[in-house]
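Step one of this worksheet: look at the structure below.
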Amino acid sequence: MTQQAVIYCRVSSPKQVTEGHGLASQETRCREYAKHKSYQVLDVFRDEGLSGKLLDRPNMKAMLSYLKQHKHEKLVVIIDDISRLARDIETHLHLRAAITSAGGKLESPSIEFGDDSDSRLVEHLLASVAAHQREKNAEQVHNRMRARMMNGYCVFNAAPGYRYEKVGKHGKMLVRDEPCASIIAEGLEGFAHGRFETQMEVKRFWEASPHFPKDKRNTVHLQKVKEILTRVLYAGYLDKPDWGISLVKGHHEALISFETYQKVQERLNGKPKVPVRKDINEDFPLRGFVACASCGHPMTACWSRGRGGLYAYYLCHGKHNGVNCSQYGKSIRRKEIEGDFEALLKEMKPSKEIFLLIAEMFTDLWNEQRDIAKLEAEKIRRDILQIERKTEQLFERIIETDSPILITAYEKKIRNLEEEKIRLDENIAKCGRPLQSFEETFQTAFSFFSNPYKLWVSDRLEHKRAVLKLTFSEQLHYCKKEGFRTPEKALPFTLLEQNSITNSGMVHHRRFKTRQQAIQEITEYIEIFYNRQRKQEKLGYLSPAQFSQQSMQIYSLLKPMDSIFDNISHFDTVGVVSIHFIKNFPKFGTKTNKRPFLMVKLSYSYLCFHLIITLISQSTIKHTFYMLSIFFPIPPSAAMCASRFCFGWRSRFFISVWIMANFKINP
Numbered sequence: 001m002t003q004q005a006v007i008y009c010r011v012s013s014p015k016q017v018t019e020g021h022g023l024a025s026q027e028t029r030c031r032e033y034a035k036h037k038s039y040q041v042l043d044v045f046r047d048e049g050l051s052g053k054l055l056d057r058p059n060m061k062a063m064l065s066y067l068k069q070h071k072h073e074k075l076v077v078i079i080d081d082i083s084r085l086a087r088d089i090e091t092h093l094h095l096r097a098a099i100t101s102a103g104g105k106l107e108s109p110s111i112e113f114g115d116d117s118d119s120r121l122v123e124h125l126l127a128s129v130a131a132h133q134r135e136k137n138a139e140q141v142h143n144r145m146r147a148r149m150m151n152g153y154c155v156f157n158a159a160p161g162y163r164y165e166k167v168g169k170h171g172k173m174l175v176r177d178e179p180c181a182s183i184i185a186e187g188l189e190g191f192a193h194g195r196f197e198t199q200m201e202v203k204r205f206w207e208a209s210p211h212f213p214k215d216k217r218n219t220v221h222l223q224k225v226k227e228i229l230t231r232v233l234y235a236g237y238l239d240k241p242d243w244g245i246s247l248v249k250g251h252h253e254a255l256i257s258f259e260t261y262q263k264v265q266e267r268l269n270g271k272p273k274v275p276v277r278k279d280i281n282e283d284f285p286l287r288g289f290v291a292c293a294s295c296g297h298p299m300t301a302c303w304s305r306g307r308g309g310l311y312a313y314y315l316c317h318g319k320h321n322g323v324n325c326s327q328y329g330k331s332i333r334r335k336e337i338e339g340d341f342e343a344l345l346k347e348m349k350p351s352k353e354i355f356l357l358i359a360e361m362f363t364d365l366w367n368e369q370r371d372i373a374k375l376e377a378e379k380i381r382r383d384i385l386q387i388e389r390k391t392e393q394l395f396e397r398i399i400e401t402d403s404p405i406l407i408t409a410y411e412k413k414i415r416n417l418e419e420e421k422i423r424l425d426e427n428i429a430k431c432g433r434p435l436q437s438f439e440e441t442f443q444t445a446f447s448f449f450s451n452p453y454k455l456w457v458s459d460r461l462e463h464k465r466a467v468l469k470l471t472f473s474e475q476l477h478y479c480k481k482e483g484f485r486t487p488e489k490a491l492p493f494t495l496l497e498q499n500s501i502t503n504s505g506m507v508h509h510r511r512f513k514t515r516q517q518a519i520q521e522i523t524e525y526i527e528i529f530y531n532r533q534r535k536q537e538k539l540g541y542l543s544p545a546q547f548s549q550q551s552m553q554i555y556s557l558l559k560p561m562d563s564i565f566d567n568i569s570h571f572d573t574v575g576v577v578s579i580h581f582i583k584n585f586p587k588f589g590t591k592t593n594k595r596p597f598l599m600v601k602l603s604y605s606y607l608c609f610h611l612i613i614t615l616i617s618q619s620t621i622k623h624t625f626y627m628l629s630i631f632f633p634i635p636p637s638a639a640m641c642a643s644r645f646c647f648g649w650r651s652r653f654f655i656s657v658w659i660m661a662n663f664k665i666n667p
């Protein structure tokens with residue numbers, strides 16, 4: 001009777017299955033052996049892409065089950081080599097025993113298996129060699145992968161947003177996989193800067209994109225969102241702490257800056273955000289922002305069904321001490337309240353003169369930023385050198401200490417310093433990077449300032465909410481009979497808009513309570529302005545004590561005006577002090593004596609600008625020029641120049657900070 005047999009083949013990696021011919025070669029050699037032995041091959045069992053260390057293999061189990069079913073036939077199991085059975089001594093012994101127990105007999109064209117002591121010795125030695133080869137291969141692969149990662153190349157599966165591609169001398173490396181890369185970058189930037197308040201919002205954003213990879217149910221798992229948000233790979237760095245690799249600069253293109261990555265981590269590790277209200281929708285964009293004028297409670301909104309269909313209303317449900325508001329339950333048509341709001345927005349357009357003045361002011365600020373960037377870069381370089389010195393000191397301490405607790409603490413400190421160094425390196429690159437033009441950078445801000453109504457009529461709900469946030473500093477109060485109360489507008493609109501003069505032709509100004517309050521406020525303004533000019537001239541900052549010593553001449557001018565300060569308005573105080581400076585200008589020296597001259601020049605200019613700010617925020621620009629001609633005996637044309645020079649200092653600070661905070665601009 002012909003002896004029957006089965007063949008078992010195995011390869012370790014999926015690549016050997018798709019690109020190699022290992023399985024076919026093993027099967028051919030085993031069939032040749034079976035033919036030589038006159039064995040009849042009943043079946044072939046193949047395990048594809050499974051390590052020789054594993055005991056749990058699907059087709060190995062199937063073969064053992066087949067052997068048990070034909071146990072009485074005492075089948076022969078043919079393997080190409082002992083390493084195809086296992087590459088681990090314990091796994092080899094277990095499978096050897098399992099095959100024997102199932103009624104099989106193991107044979108191979110490479111080795112003769114026997115039951116005597118000598119045969120077992122040889123078998124165990126060969127199994128140990130196979131195990132050693134596996135371990136050695138694993139060590140070599142690990143060392144090469146670690147070395148390549150140290151050189152800045154990712155060695156793992158491509159993360160979402162990237163794919164592997166051969167790039168010149170780099171070999172296979174990560175490159176952007178568009179459009180997925182841009183979608184991921186937008187999600188990371190949006191979460192870092194507050195566009196997406198929670199991880200769930202990021203999840204919904206990525207799910208809404210048809211190009212973002214999803215699971216079989218066409219969804220994005222929240223765990224995947226967390227993994228993407230926490231991967232430093234997207235910032236252009238590689239990190240593998242268990243391999244001793246910490247923040248190595250990668251050769252692949254970053255999707256976000258390291259600074260943005262740090263902001264994402266701060267938000268993830270910070271206080272959880274409350275999910276966005278579900279009742280904020282496109283049907284009622286004013287809900288939650290418009291309050292009842294009677295009780296101050298935010299209005300709600302709803303659809304009401306009538307004979308002709310559905311109708312949209314806003315209404316008040318406010319209560320105070322258990323008592324309903326007088327407007328409780330009284331509905332206001334959506335068309336009416338939103339129509340009044342649009343009329344309010346259309347009125348919020350600055351005069352052409354002031355708008356052009358602000359544009360010129362920002363142009364000066366933009367040009368100054370390029371000069372300041374050079375000084376900032378020098379300071380950052382000094383900070384980097386200091387971080388490098390601290391890092392070297394910590395490495396020396398690690399070498400000297402034997403305490404595991406101290407070593408862990410030092411390593412944590414070194415990592416923090418490395419992250420700070422990376423952030424500073426990025427800032428240096430930004431300082432040296434050519435800036436975009438003023439028009440390109442501030443186009444969105446100026447477009448919004450010129451007419452916020454244009455953004456409001458957008459179809460997107462986030463644009464409408466942005467108008468509410470950027471245009472008004474507080475909730476709007478609405479009365480059913482009288483409409484909107486006088487709104488509290490955001491600072492830029494307060495400074496930019498052109499108000500009308502009161503009936504009396506005069507402007508109301510606040511008064512100082514005491515002379516000391518007036519002197520303290522004016523002196524603080526002068527100190528800030530003076531130190532700013534010293535910085536630009538690379539003279540260094542002055543401490544309050546140092547400034548006090550150099551400002552005695554200013555105090556000596558302010559001191560004789562005791563009777564004026566106590567009973568005069570803020571507007572008149574600044575004017576009188578400014579005139580007093582003009583009259584006493586020679587006392588401060590000339591241009592040959594630069595320090596005193598610089599000091600009074602800066603002090604005088606600052607008081608001039610403060611006067612104009614007071615006027616410009618409460619009157620028309622024409623009225624400002626008229627008052628300038630009264631306080632400063634100069635021609636109107638010179639008054640116009642003075643206004644353009646002095647107006648910028650304080651307004652530039654307030655408005656630029658506001659714009660940069662809300663439009664995320666950082667020249």
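In full-length UniProt numbering, the protein residues as written are 1 to 667.
We put the CB at the ideal spot given by N, CA and C, even for glycine.
- request: Report buried or exposed for Pro285, applying the criterion of at least 16 other Cβ atoms within 10 angstroms of its Cβ.
  value: If you draw a 10 Å sphere on the C-beta of Pro285, you find 16 or more other C-beta atoms in it, and that means buried.
- request: Would you please state the rounded distance, in angstroms, between the beta carbons of Leu247 and Tyr237? I believe it to be under 8 Å.
  value: At roughly 5 Å, the Cβ-Cβ gap stays under 8 Å, so Leu247 and Tyr237 are in contact.
- prompt: Just the Cα atoms here: how many angstroms apart are Asp572 and His317?
  reply: Residue confidence for Asp572 is low, a pLDDT of 40 falling below 50, so the modelled location carries little weight; the figure read from the coordinates is stated next. Cα-Cα distance, rounded: 48 Å.
query: Going by DSSP, which residues form a beta bridge with Gln386?
result: Paired residues: none, contrary to the question.
Burial state of Trp303 (16 or more Cβ within 10 Å): A residue is called buried once 16 or more other Cβ atoms fall within 10 Å of its Cβ, and Trp303, having fewer, is exposed.
- prompt: So, helix, strand or coil for Pro213, using DSSP?
  reply: coil
task: Determine, using beta-carbon pairs with one atom in the segment 313-329 and one in the segment 290-297, whether at least three such pairs fall under 8 Å.
output: yes
- request: Give me the Cβ distance between Arg267 and Ala192, rounded to the nearest whole Å; I'm assuming they're in contact under 8 Å.
  value: The distance from the Cβ of Arg267 to that of Ala192 is about 7 Å, consistent with a contact at the 8 Å cut-off.
- request: Taking all protein chains shown into account, decide if Asp88 is buried (16 or more other Cβ within 10 angstroms of its Cβ) or exposed.
  value: buried
query: Between which two residues does the beta strand (DSSP E) containing Trp303 stretch?
result: Thr300 to Gly306
- prompt: Three or more beta-carbon pairs under 8 Å between the segment 32-40 and the segment 82-97, yes or no?
  reply: no
- prompt: In chain order, which alpha helix (DSSP H) runs of at least 4 residues are fully inside the UniProt domain "Recombinase" (159-274)?
  reply: 180-192, 199-208, 222-230 and 258-269
message: Please list the terminal residues of the continuous beta strand (DSSP E) segment that includes Ile78.
response: Val76 to Ile79
- request: Rounded to whole angstroms, what's the CA-CA distance from Val11 to Arg144? Just pull it up for me.
  value: 22 Å
message: By alpha-carbon positions, which one of Cys9, Tyr8 and Gly49 ends up nearest to Lys15?
response: Gly49
- prompt: DSSP state of Gln69, grouped into three classes?
  reply: helix
field: Neighbourhood of Ala254 by C-beta distance below 6 Å, restricted to the same chain and skipping five residues each side
entry: Leaving aside the five residues that flank Ala254 on each side, the residues in its chain whose CB is nearer than 6 Å to its CB run, in chain order, Ala235 and Gly236.
- prompt: In three-state DSSP terms, what is Val44?
  reply: strand
Proximity of Val76 and Gln26 at Cβ, strictly below 8 Å: No. Outside cutoff.
query: Does the Cβ of Leu229 have 16 or more other Cβ atoms within 10 Å, making it buried, or fewer, making it exposed?
result: When all chains shown are included, Leu229 counts as buried.
- request: Please name the residue, chosen from Arg382, Glu338, Ala138 and Arg46, that lies closest to Cys479 on a Cα-to-Cα basis.
  value: Glu338
query: What are the boundary residues of the alpha helix (DSSP H) that Arg134 is part of?
result: Ser117 to Met150
field: Boundaries of the beta strand (DSSP E) in which His477 is found, first to last residue
entry: Leu476 to Cys479
message: Rounded to whole angstroms, what is the Cα-Cα separation between Glu347 and Lys489?
response: 12 Å
query: Roughly how many angstroms lie between the CA atoms of Leu345 and Ser458, to the nearest whole one?
result: Answer to the nearest angstrom: the Cα atoms are 14 Å apart.
message: Based on DSSP bridge pairs, tell me the residues matched to Tyr314.
response: Ala301 and Ile332
task: Find the nearest neighbour of Glu419 within the set Glu259, Gly329 and Glu392, judged by alpha-carbon distance.
output: Glu259
message: On the criterion of 16 or more Cβ atoms from any shown chain inside 10 Å, does Lys587 qualify as buried, or is it exposed?
response: Any reading at Lys587 is ruled out, since the residue's pLDDT is 40, under 50, leaving its predicted position unreliable.
message: Report the CB separation of Val264 from Leu188 in whole angstroms; it is logged as a contact under 8 Å.
response: Going by Cβ atoms, the distance from Val264 to Leu188 rounds to 6 Å, so yes, they are a contact pair.
task: Go to Cys30, then tell me how far its alpha helix (DSSP H) extends in each direction, as first and last residue.
output: Gly22 to Lys37
query: When DSSP labels each residue in this structure, what does Glu396 get in the three-state scheme?
result: Residue state, collapsed to three classes: helix.
Opposing strand residues paired with Phe472 [DSSP bridges]: Lys489
DSSP three-state assignment for Leu106, whether helix, strand or coil: strand
query: Can Phe289 and Leu476 be called in contact, C-beta distance under 8 Å?
result: yes
task: Taking all protein chains shown into account, decide if Val167 is buried (16 or more other Cβ within 10 angstroms of its Cβ) or exposed.
output: exposed
- prompt: Since Tyr153 is in the beta strand (DSSP E), which residue starts that stretch and which ends it?
  reply: Counting along the chain, Tyr153 sits inside no beta strand (DSSP E), nor does DSSP assign it H or E at all.
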